[in-house]
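*Asks:* This structure is in structure tokens; I'll ask about it shortly.
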Amino acid sequence: MSRSIALIDVNNFYVSCERVFNPKLVGKPVVVLSNNDGCVISRSNEAKDDIPMGASWFKYKDFAKQHDITALSSNYALYADMSNRVMRILNQFSLEQEIYSIDECFLDLSSFKRIDLLDYGQQIRLRIGKSTGLPVSVGIGASKTLAKLANHCAKKNAEFAGVCNFNQLNSTQLNRLLSSLEVQNVWGIGRKLAAKLKNDRNIHTALDLKQANPDTLRRVYSVVIEKTIRELNGIACIELEEPGLAKKQIINSRSFGIPVTDIHSLTEAVSFYISRAAVKLRQQQSVAGMVHVYIQTSRYRTGKNFYSNSYTVPLPNATDDTRVLTKSALMALQQIYRPGFYYAKAGVMLTAIQPKNGYQPDMFAAQEDSVKSDQLMIVMDVINGSMGRETLRLARQGFKRPWAMKQDSKSPSYTTNWKEVLSVN
Ligand SMILES: [Mg+2]
């Protein structure tokens, strides 16, 4: 029996989030910039012809001014909060949900036999639109790969009105559509592989790939492409991933707004990153057995001016206590810090992650008072959850943070900070 898998994706997600709270931007060219306002990471349709995705902003700044293109610094707190709202609503349309990225998820609709899925897709769009103000596109197909492609069509072809269901097309119609899509639009076919397929195999479109021999291409390339071909032929090979699967590693890293030379600023930054990673660790009810820290100068510094190093500290007892994790991270930082360099970036990674309730502590290792520690961490998470993310924190994380990233044109934290809630005058 053929499956019905939907991929729901928010159109121009970051820009769309900004427009919800600033309707003046609707219908105007808008771009959102990455950390430090470095490059373009989201564009409204009106900006797509003039500004390429990923473009370095300094090259387009003047052009944007002349053409009245609005540029905004990224506001990740806002986007994450809007993402959570969207995903919660979508979960009501099917319990079998895989959140694939910040703005897209798969829903398995295979068991909805008597429902017109085109209609269901429109209901999804309406609900998300009404509840969050965000525009979404819905693609439906017999496999995840086809759902992804259908979503692409739903976005690009106005005739689909935002919902494209490949399962409701006959094979002639579907093949005609696939022949109009370049092969690099297929999920998992990167630009390099697409070039090889075109040059070496004469495979130019999604239809060409669908009709290619899976065994041959597996031998030449990989087992991944074989699966892709089968998926294009309507055989679902890639299952939806279980929701809430605990992460095996938690990473938090960021570039600094200004180069940092002193250990004091690095200590603040590393403590800050660790505390954020520790919150994520506790949210998934895990403990970490290893703390990894790295620092580096800018990639553009060369020779004697370049320095990059990392250090891993194994913990005698896996823990989720911010204080223990911070202490270990700062030990690692001491090992790798060298004075005289201009540091551009630092990061932390928690690994050797395991579920908290299945964890056996080492009876010979010195133990923090674990009950007390648990209570303190719960208090910290509860207070920060209700009163703002950093109401309670270790003093080490710093207060002024001169090293924090540049966000010259960031919109307010409309949904996550009471002080910045939208006011109607
Ligand atoms: Mg999107």
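So the sequence shown is numbered by the numbering used here: it starts at 7 and just counts up by one.
The C-beta atom is built at its ideal place from N, Cα and C for all residues, glycine as well.
Would the segment 316-325 count as touching the segment 213-226 if we require 3 or more Cβ pairs under 8 Å?
*Replies:* Touching, no, given that fewer than three Cβ pairs across the two stretches are closer than 8 Å.
*Asks:* Mapping the DSSP letters down to three states, classify GLN302 as helix, strand or coil.
*Replies:* Reading the sequence shown from its first residue, position 296 is the one you call residue 302. In this structure, GLN302 counts as strand in the three-state DSSP scheme.
*Asks:* Should PHE19 be counted as a contact of ligand 1 given a C-beta to heavy atom distance under 6 Å?
*Replies:* On the sequence shown, residue 19 is found 13 positions in, with the first residue counted as 1. Checking the Cβ of PHE19 against ligand 1 gives yes.
*Asks:* For a test of your reading of the model: does the CB of VAL16 fall under 6 Å from any non-hydrogen atom of ligand 1? Yes or no.
*Replies:* As a working mapping, residue 16 is identified with position 10 in the sequence shown. Correct: VAL16 has its Cβ closer than 6 Å to ligand 1.
*Asks:* First and last residue of the beta strand (DSSP E) that includes LEU13?
*Replies:* For this step, residue 13 is matched to residue 7 along the sequence shown. Unbroken beta strand (DSSP E) run through LEU13: 11-16.
*Asks:* Tell me, please, which residues DSSP counts as bridged to GLN360.
*Replies:* Translated into the one-based positions of the sequence shown, residue 360 becomes position 354. Paired residue(s): VAL293.
*Asks:* Taking LYS65 as the reference, give the member of CYS45, TYR82, SER334 and ASN51 with the closest Cα.
*Replies:* The count along the sequence shown starts at 1 and reaches residue 65 at position 59. Considering only alpha carbons, the answer is CYS45.
*Asks:* CA-CA distance, LYS233 and LYS150?
*Replies:* Locating residue 233 in the sequence shown gives position 227, counting from the first residue. Locating residue 150 in the sequence shown gives position 144, counting from the first residue. Cα to Cα, LYS233 sits roughly 11 Å from LYS150.
*Asks:* Can you tell me where the alpha helix (DSSP H) with THR76 in it begins and where it stops?
*Replies:* To locate residue 76, count along the sequence shown from 1; it is residue 70. Careful: THR76 lies outside any alpha helix (DSSP H), inside the beta strand (DSSP E) at 76-79.
*Asks:* Could you pull the start and end residues of the alpha helix (DSSP H) that ARG197 belongs to?
*Replies:* Taking the first residue of the sequence shown as position 1, residue 197 is located at position 191. ARG197 -> alpha helix (DSSP H) spans 197-207.
*Asks:* Tell me GLU110's beta-bridge partners as DSSP assigns them.
*Replies:* As a position in the sequence shown, residue 110 is number 104, starting the count at 1. Note: GLU110 sits in a beta bridge opposite ASP15 and SER107.
*Asks:* What do you reckon, is the C-beta of ASP109 under 6 Å from a heavy atom of ligand 1?
*Replies:* Walking along the sequence shown from the start, residue 109 turns up at place 103. Flag set: Cβ of ASP109 near ligand 1.
*Asks:* Counting along the chain, where does the alpha helix (DSSP H) carrying CYS159 start and finish?
*Replies:* As a first step, residue 159 must be located in the sequence shown, where it is residue number 153. Its alpha helix (DSSP H) spans residues 150-162.
*Asks:* Leaving out five residues on either side along the sequence, give the residues of the same chain with a beta carbon under 6 Å from the beta carbon of ALA372.
*Replies:* Walking along the sequence shown from the start, residue 372 turns up at place 366. Reliability fails at ALA372, whose pLDDT of 49 lies under 50, so the model's placement of it is uncertain and the value that follows must be treated cautiously. Excluding residues within five positions, none has a Cβ falling inside 6 Å.
*Asks:* Evaluate the contact criterion for the segment 162-170 versus the segment 138-149: three or more CB pairs, one atom per stretch, below 8 Å.
*Replies:* Yes: the two stretches touch, three or more of their Cβ pairs being nearer than 8 Å.
*Asks:* So who's on the other strand from ARG260, going by DSSP bridges?
*Replies:* Translated into positions along the sequence shown, residue 260 becomes position 254. DSSP, once it has assigned bridges, lists ALA352 as partnering ARG260.
*Asks:* For my contact list, TYR349 and LEU272 are in at a C-beta cut-off of 8 Å; report their separation, rounded to the angstrom.
*Replies:* As a position in the sequence shown, residue 349 is number 343, starting the count at 1. As a position in the sequence shown, residue 272 is number 266, starting the count at 1. Contact flag correct, Cβ pair sits at about 6 Å.
*Asks:* Note down, in chain order, each residue of its chain lying with its Cβ closer than 7 Å to the Cβ of ASN17, except the 5 sequence neighbours on either side.
*Replies:* To locate residue 17, count along the sequence shown from 1; it is residue 11. Contacts found: PRO141, VAL142, SER143 and LYS161.
*Asks:* Assuming TYR343 is part of the beta strand (DSSP E), what are its boundary residues?
*Replies:* The sequence position of residue 343 within the sequence shown is 337, counting from 1. Looking at the DSSP string, TYR343 is not in any beta strand (DSSP E), and its letter there is neither H nor E.
*Asks:* Would you report the Cα separation of ASP74 and PRO35, rounded to the nearest angstrom?
*Replies:* Position 68 of the sequence shown, counted from the start, is the residue given in the question as residue 74. Position 29 of the sequence shown, counted from the start, is the residue given in the question as residue 35. Going by the C-alpha atoms only, they are around 8 Å apart.
*Asks:* For GLU188, which three-state DSSP category applies?
*Replies:* Within the sequence shown, numbered from 1, the residue matching residue 188 stands at position 182. The answer is strand: DSSP assigns GLU188 an E or B state.
*Asks:* Mind the definition here: the segment 349-358 touches the segment 254-265 only if three or more C-beta pairs lie below 8 Å; say whether that holds.
*Replies:* As far as the Cβ criterion goes, the segment 349-358 touches the segment 254-265, which means the pair count is three or higher.
*Asks:* DSSP three-state label for ILE47, please.
*Replies:* The residue you call residue 47 lines up with position 41 of the sequence shown. DSSP places ILE47 in strand when its eight states are reduced to three.
*Asks:* Suppose the cutoff is 7 Å on Cβ atoms and the five residues either side in sequence are ignored; what does the same chain contact list for GLN128 look like?
*Replies:* Locating residue 128 in the sequence shown gives position 122, where the first residue counts as 1. These residues qualify, in order along the chain: VAL169.
*Asks:* Since ASN171 sits in a beta bridge, which residues does DSSP pair it with?
*Replies:* Residue 171 sits at position 165 when you count from the first residue of the sequence shown. Its beta-bridge partners are ILE146.
*Asks:* Measure the beta-carbon distance from VAL92 to ILE134 and round it to whole angstroms, keeping in mind my assumption that it falls under 8 Å.
*Replies:* Taking the sequence shown and counting its residues from 1, the one referred to as residue 92 is at position 86. Taking the sequence shown and counting its residues from 1, the one referred to as residue 134 is at position 128. Yes, they are in contact, since the Cβ atoms of VAL92 and ILE134 sit about 6 Å apart, within 8 Å.
*Asks:* Using the Cβ count rule (16 or more neighbours within 10 Å means buried), how would you classify GLU110?
*Replies:* The residue given as residue 110 occupies position 104 in the sequence shown. Label assigned to GLU110: buried.
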